[in-house]
Amino acid sequence: MTDLLTLATSVVDQARPGESMEVYVTRGTENEVRAYEGAVESLTSADSSGVGIRLILDGPEGEGSRLGFAWAGSLDPTVIEAALSDARDNARYATPDPDVVLAVPDGQAAVDIDLWDDRVASTAMDAKIALAIDLERATRGADPRIRQVSSADYSDARTEVALASTTGIRSTARRTTASVSVDAIAGDAADTQTGTGFSVGRSPADLDSDWAQREAVERATRLLGARKAQSGRCTVIFDPRVVSTLLSVVASALSGEAVVKGRSFFAGRIGEVVAHPSVTLVDDPTDPRAFAAAAYDAEGLACRRNILIEDGVLRMFVFDTVSARRAQTRSTGSAVRGGFAGTPSAGCRALLLAPGTQGAEEILASVGDALYVQSVTGMHSGVNPVSGDFSVGAEGLMVRNGVFAEPVREVTVASMLQRMLQSVVAIGSDVRWLPGVAAGQTLAIGDMQLSGDN
Amino acid sequence: MGTTITIPLVTDTALIEADVLQRVLAAALDRGGDLSEVFAEDSTTSSALFDDRRVEELSSGRSRGAGIRVIDGDTTGFAHTADLSEAGLMAAAEAAASVARQGGGRTRTVALGPMNGRDRGTKTLPGSIAKSAKLELLVRADEAARSAGGAISQVQVGCGDTRRRVLIANSDGLLAGDDQIRTRFSVMCVANGDTGLQTGFETLARTEGFEVFDRYNVEDIARTAAVRALTKLSARPAPSGEVPIVLKGGSGGILFHEACGHGLEADHIIKDASVYTGQVGKLVASPLVTLVDDGTVAGEWGNFGVDDEGCAPARNVLIEDGVLTDYMWDLLRARQEGRASSGNGRRQSYQHLPMVRMTNTYLLAGKENADEIVAQTPTGVYVTKLGGGQVNTATGDFVFGTTEAYLIEDGHITEPLRDANLIGNGPEVLRRIDAVANDFDMTPGTCGKDGQSVPVGCGQATLRITGVTLGGTA
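Residue numbers (the numbering used here), protein chains in the order written: chain A, 1 to 454; chain B, 1001 to 1474.
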């Protein structure tokens, strides 16, 4: 990693008078195994690297600065030189903007968290292949109703990142991830259902293949015989995996960038009650349990614990440096970026809804009658974080008298995000850390519209 | 304005010399295997974002490298590298070859045939256009959107282009190249009213160069997005439950992409993970349905000269008069079944394995008049713009979101509706199509599958579905 930081710094040193520059370099190794019918269907091994350069032409006092960006999928010196030249040229065309600045170290110390496990590199490829093949075999054999396993995968990645800037930012980070996932198909041609299970960790040793297999099989088999449900208003209990996705949509409305640009239904509501008093939502990337945990944000500032909603009251938004200036506040250490080809923006990394005291079964029992949703579709086409409109396809089980009853498919559940946050009935204690930017737990929301049979 | 080129420029596509390719392809089979393949790619992208009344970001990017694949029976080994030197390619070939375990490796020679390519016509290279000319388009769109109504509170305009040169060679002697130029322009508006915020989005995306703006007016794109957001300020909640739906021509070819397109991809079929497995020759849709996937349609978003396995695109009829005629195939699945690829092998980049993907998927136009279809619908929902969608190919259940829709009352289009998702089952919905008009149009989209995104086109004429479940709140 020191060589990456040296490389980034050497590019930064090429800044000319009147220029500010930030250089992000990354290098990674990935392996992926897909098993099918007891053999390797595909095995991918790859190294990749890249650079992203943000260059700012400082304008005269009061007129603002201009930002240009360029990236390249290589750390070859001639390629980096070309990217630097492109970034410099791109900057000439931007609109001068007094809010365009690079992050400046703010004195906040980064938390020391270890997200690297040497066992990703030291585990033999044959052992990784065996994980995928064994997972496929176990899933096929788990239940006579499982008629197909369409994919059973093992994958891992090692990523190193370094960031340097003319404003004094110097940061490095490295992380490993490993996962197994399996897609099971249950039933026959007349009645087919599917279920996905997975397990993620920092190394192959962290993975619970048995959990993944049982999750896939349970989800597929318990939906067999599913039908549409009757339309009407009801309480909906969301599975932890769905809640994690739901929170990631809420997160986009909590981005300071969306707020300052008038693209969030939370804009202008700081200090107001926006959710049920049981709702406390925290983004804490320094929690090493979070999949996207990080010591530094994507601009090299220390990540920190930010309380966004507290006892139902909207407390703050997450900001990167530019959106913070537009909002006349400070960065919350919440810059995120989609790799070397993206520029930083404000976002959450590790959302956690403060857990309640009840487990899933207790929530079912206390709610009594509801629709339990185990998976949703169309979360990105049917949920609008600007207006708050929420409408998703759903499958799951009816809950009657506090226990699971008949399975349900081809229905939608709808409301408004604003209303859903106010209508929280129960928040589970069963927190599960999941890939993505949010943990999930069982969550019951009242008074939603179920659309199915007329 | 700008530099024009005629594609293919075969000599320019020689990212790797033929003799190097031949040695790498042979080396990749040193440990055995049935087929080796080199896919080399050099893509440059540029984009500009005009947001909140300013040029916020100009971005340029370059990605260059090769993916090497070794197929040994039913097993595929894959490795990629950004190093296009012979040493770099040899290292990737060795990594890809590690899966070959059947033995039988022997010294082979690979002789490449002549270059396959297609005449793609003349394009204006986006990279040859002055950045100031692109920015002028953004400013014009921003002004047009803001002047559409005082309630427009925010406008974001994006413009992007990609030039993707590819070279594909395999140990069967195939050698093919293509030079793909794509241009995209999109406008997102927010309108602010008493009922809160609403959004409107419109995009133009063509497999063309900058000449596309000679024929398409950016002000029109901007106004469409703005009016969409403004209209929804007075929208009422969408109905809940099963309703007849009339889809406007060009509003939602994505319906067919999701409802049946994915289920007709041979990788799902071979694994018996599609509702359409074993259905060839059977009636799977209303007789009004003839569904085609066609990578040859010049200029459409899913168009190319050769696919990412070097095969020519084709016009493939998937469903004819309601009867399933064939699936879509890539090289791997076609080899397994002893047939030819249908030109549907695609990949996001050299860092990805190819798989069966759609190109431009569309329902052929019918004979009816679009207005009459609406007039003959007593009650229902008229959908003029669909957003994204998603399907479970094994069950056929799919959703897609409406981003502009209206009530139909007594055969008339009346009040606008807030956004909602529609949910249905592919085979059921295809049988419920009872009217297809003659006003065909296409729309671009981005298709995601197994973590890879590729550009696709979708098309359909105005049509009616007798019942789909609409997930509104009213």
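C-beta atoms are modelled at their ideal positions from N, C-alpha and C, and glycine is treated no differently. Remember, predicted model here, so these are calculated numbers, not experimental data.
- [ ] Excluding the 5 residues preceding and the 5 following B:Met1188 in the sequence, name in chain order all residues of the same chain whose CB lies nearer than 7 Å to its CB.
- [x] Taking the first residue of the second sequence as position 1, residue 1188 of chain B is located at position 188. Within the same chain, B:Met1188 has close Cβ partners Gln1156, Thr1199, Phe1201 and Ala1225.
Open item on the list: Can you check whether the C-beta of B:Lys1131 is within less than 7 Å of a C-beta belonging to chain C?
Closed with: In the structure shown, chain C cannot be found, because the protein chains are A and B.
- [ ] Taking B:Arg1223 as part of the alpha helix (DSSP H), name the residues at either end of that continuous run.
- [x] Numbered from its first residue, the second sequence carries residue 1223 of chain B at position 223. Counting along the chain, the alpha helix (DSSP H) containing B:Arg1223 begins and ends at Val1218 to Lys1232.
- [ ] Kindly confirm or deny that the region 1373-1381 of chain B and the region 1239-1246 of chain B touch, where touching means at least three C-beta pairs closer than 8 Å.
- [x] yes
Open item on the list: Counting only C-beta atoms, is A:Glu19 closer than 7 Å to chain B at any point?
Closed with: For the purposes of this step, residue 19 of chain A is taken as residue 19 along the first sequence, with counting starting at 1. Answer no: the Cβ-Cβ gap between A:Glu19 and chain B never drops below 7 Å.
- [ ] Would you list the one or two residues that DSSP bridges to A:Met448?
- [x] Position 448 of the first sequence, counting from 1, holds the residue named residue 448 of chain A. Note: A:Met448 sits in a beta bridge opposite A:Cys234.
Open item on the list: Between which residues of its own chain and B:Val1399 is the CB-CB distance below 7 Å, once the five residues before and five after are set aside?
Closed with: As a first step, residue 1399 of chain B is located in the second sequence; it is residue number 399 there, counting from the start. Contacts found: Gly1389, Gln1390, Asn1421, Leu1422 and Ile1423.
Task: Environment of B:His1412 [buried if 16+ CB atoms lie within 10 Å] - done: The residue given as residue 1412 of chain B occupies position 412 in the second sequence. B:His1412 should be labelled exposed.
Task: Nonlocal neighbours in the same chain, by C-beta distance under 7 Å from A:Asp287, ignoring five residues either side - done: The residue labelled residue 287 of chain A in the question sits at position 287 within the first sequence. Cβ neighbours of A:Asp287 beyond the five flanking positions: Ala293 and Ala350.
Open item on the list: I want to see whether chain A comes within less than 7 Å of B:Leu1332, judged by CB atoms only; does it?
Closed with: Locating residue 1332 of chain B in the second sequence gives position 332, counting from the first residue. No, B:Leu1332 lies away from the interface with chain A (no Cβ there is under 7 Å from its Cβ).
Task: Cβ-based burial, A:Trp71 [other Cβ within 10 Å; buried from 16] - done: The residue labelled residue 71 of chain A in the question sits at position 71 within the first sequence. A:Trp71 should be labelled buried.
Open item on the list: With a threshold of 8 Å, are at least 3 pairs of Cβ atoms found where one atom belongs to the region 427-444 of chain A and the other to the region 409-417 of chain A?
Closed with: no
- [ ] Determine which residues of the region 251-262 of chain A have a Cβ less than 7 Å from any Cβ of chain B, and write them out in chain order.
- [x] Lys261 and Gly262
Task: C-beta contact flag for A:Arg326 and A:Val260 at 7 Å - done: Walking along the first sequence from the start, residue 326 of chain A turns up at place 326. Walking along the first sequence from the start, residue 260 of chain A turns up at place 260. Contact: yes.
Open item on the list: Helix, strand or coil for B:Thr1414? Go by DSSP, reduced to three states.
Closed with: As a first step, residue 1414 of chain B is located in the second sequence; it is residue number 414 there, counting from the start. Note: B:Thr1414 maps to strand in three-state DSSP.
TODO: Please classify B:Asp1161: does DSSP put it in a helix, a strand, or coil?
DONE: Sequence index remark: in the second sequence, residue 1161 of chain B carries index 161 (1-based). If DSSP states are grouped into helix, strand and coil, B:Asp1161 belongs with the strands.
TODO: Could you tell me whether the Cβ atoms of B:Asp1142 and B:Phe1050 are closer together than 7 Å?
DONE: The residue given as residue 1142 of chain B occupies position 142 in the second sequence. The residue given as residue 1050 of chain B occupies position 50 in the second sequence. A contact, by the Cβ cut-off of 7 Å.
- [ ] Evaluate B:Thr1393 with the Cβ neighbour count: other Cβ atoms within 10 Å of its Cβ, from every protein chain shown; 16 or more gives buried, anything less gives exposed.
- [x] Here residue 1393 of chain B corresponds to residue number 393 of the second sequence, with the count starting at 1. By the neighbour-count rule (16 or more Cβ atoms within 10 Å), B:Thr1393 is buried.
Open item on the list: So, for A:Leu397: in the same chain, excluding its five sequence neighbours on each side, which residues have a beta-carbon less than 6 Å away from its beta-carbon?
Closed with: Reading the first sequence from its first residue, position 397 is the one you call residue 397 of chain A. Here the set comprises Tyr372, Phe404 and Pro407.
- [ ] Assign A:Thr377 to buried or exposed, taking buried as 16 or more other Cβ atoms, counted over all protein chains shown, within 10 Å of its Cβ.
- [x] Here residue 377 of chain A refers to the residue found at position 377 when the first sequence is read from its first residue. A:Thr377 is buried by the Cβ-count criterion.
- [ ] Go to B:Glu1041, then tell me how far its beta strand (DSSP E) extends in each direction, as first and last residue.
- [x] Translated into the one-based positions of the second sequence, residue 1041 of chain B becomes position 41. Its beta strand (DSSP E) spans residues Leu1035 to Asp1051.
Task: Neighbour flag for B:Phe1078 against chain A, beta carbons, 7 Å - done: For the purposes of this step, residue 1078 of chain B is taken as the residue at position 78 of the second sequence. Yes - at least one Cβ of chain A is within 7 Å of the one on B:Phe1078.
TODO: Could you tell me whether any Cβ in chain A is nearer than 7 Å to the Cβ of B:Glu1057?
DONE: Here residue 1057 of chain B corresponds to residue number 57 of the second sequence, with the count starting at 1. Closer than 7 Å: yes.
TODO: Spatial neighbours of A:Ala91 within its chain, please: CB distance less than 7 Å, with the 5 preceding and 5 following residues excluded, ordered by chain position.
DONE: Sequence index remark: in the first sequence, residue 91 of chain A carries index 91 (1-based). Within the same chain, A:Ala91 has close Cβ partners Leu55, Ile56, Leu57, Arg66, Leu67 and Gly68.
Open item on the list: Taking the beta carbon of A:Arg289 as the centre, do at least 16 other beta carbons fall within 10 Å, making it buried, or is it exposed?
Closed with: Position 289 of the first sequence, counting from 1, holds the residue named residue 289 of chain A. So A:Arg289 ends up on the exposed side.
TODO: State the DSSP-derived secondary structure class of A:Arg269, mapped to helix, strand or coil.
DONE: Locating residue 269 of chain A in the first sequence gives position 269, where the first residue counts as 1. The answer is coil: DSSP assigns A:Arg269 none of H, G, I, E or B.
- [ ] Grab me the residues of A:Asp239's own chain with a C-beta within less than 8 Å of its C-beta, minus the 5 sequence neighbours each way, in chain order.
- [x] Sequence index remark: in the first sequence, residue 239 of chain A carries index 239 (1-based). Answer for A:Asp239: Tyr372, Val373, Gln374, Ser375, Gly396, Gly440 and Thr442, listed in chain order.
Open item on the list: With a threshold of 7 Å between beta-carbons, can B:Leu1463 be considered close to chain A, or not?
Closed with: Mapped onto the second sequence, residue 1463 of chain B falls at position 463. No, because no Cβ of chain A sits closer than 7 Å to the Cβ of B:Leu1463.
Task: Residue range of the unbroken alpha helix (DSSP H) whose run includes B:Pro1237 - done: Translated into the one-based positions of the second sequence, residue 1237 of chain B becomes position 237. Note, B:Pro1237: premise wrong, no alpha helix (DSSP H); not H, not E.
Open item on the list: Please list the terminal residues of the continuous alpha helix (DSSP H) segment that includes A:Asp183.
Closed with: Taking the first sequence and counting its residues from 1, one reaches residue 183 of chain A at position 183. Run containing A:Asp183: none in the alpha helix (DSSP H); it sits in the beta strand (DSSP E), Arg170 to Asp188.
Open item on the list: Counting only beta-carbon separations shorter than 7 Å, does B:Gln1154 have a partner in chain A?
Closed with: Locating residue 1154 of chain B in the second sequence gives position 154, where the first residue counts as 1. Yes, its Cβ sits closer than 7 Å to a Cβ of chain A.
Open item on the list: Just verifying my parser: in three-state terms, what is the DSSP assignment at B:Thr1359?
Closed with: In the second sequence, the residue the question calls residue 1359 of chain B occupies position 359. In this structure, B:Thr1359 counts as coil in the three-state DSSP scheme.
Task: alpha helix (DSSP H) segments (min. 4 residues) lying fully within the region 1136-1223 of chain B - done: 1212-1215
TODO: Starting from B:Leu1283, follow its DSSP beta bridges and name the residues at the other end.
DONE: Here residue 1283 of chain B refers to the residue found at position 283 of the second sequence. In DSSP, B:Leu1283 forms a bridge with B:Val1323.
Task: Identity of the residue in B:Ala1048, B:Ser1047, B:Arg1184 and B:Leu1021 nearest B:Glu1037 by Cα - done: Taking the second sequence and counting its residues from 1, one reaches residue 1037 of chain B at position 37. Comparing Cα-Cα distances from B:Glu1037 to each of B:Ala1048, B:Ser1047, B:Arg1184 and B:Leu1021, the minimum goes to B:Leu1021.
- [ ] For A:Gln358, name the three-state secondary structure that DSSP assigns.
- [x] Taking the first sequence and counting its residues from 1, one reaches residue 358 of chain A at position 358. DSSP places A:Gln358 in strand when its eight states are reduced to three.
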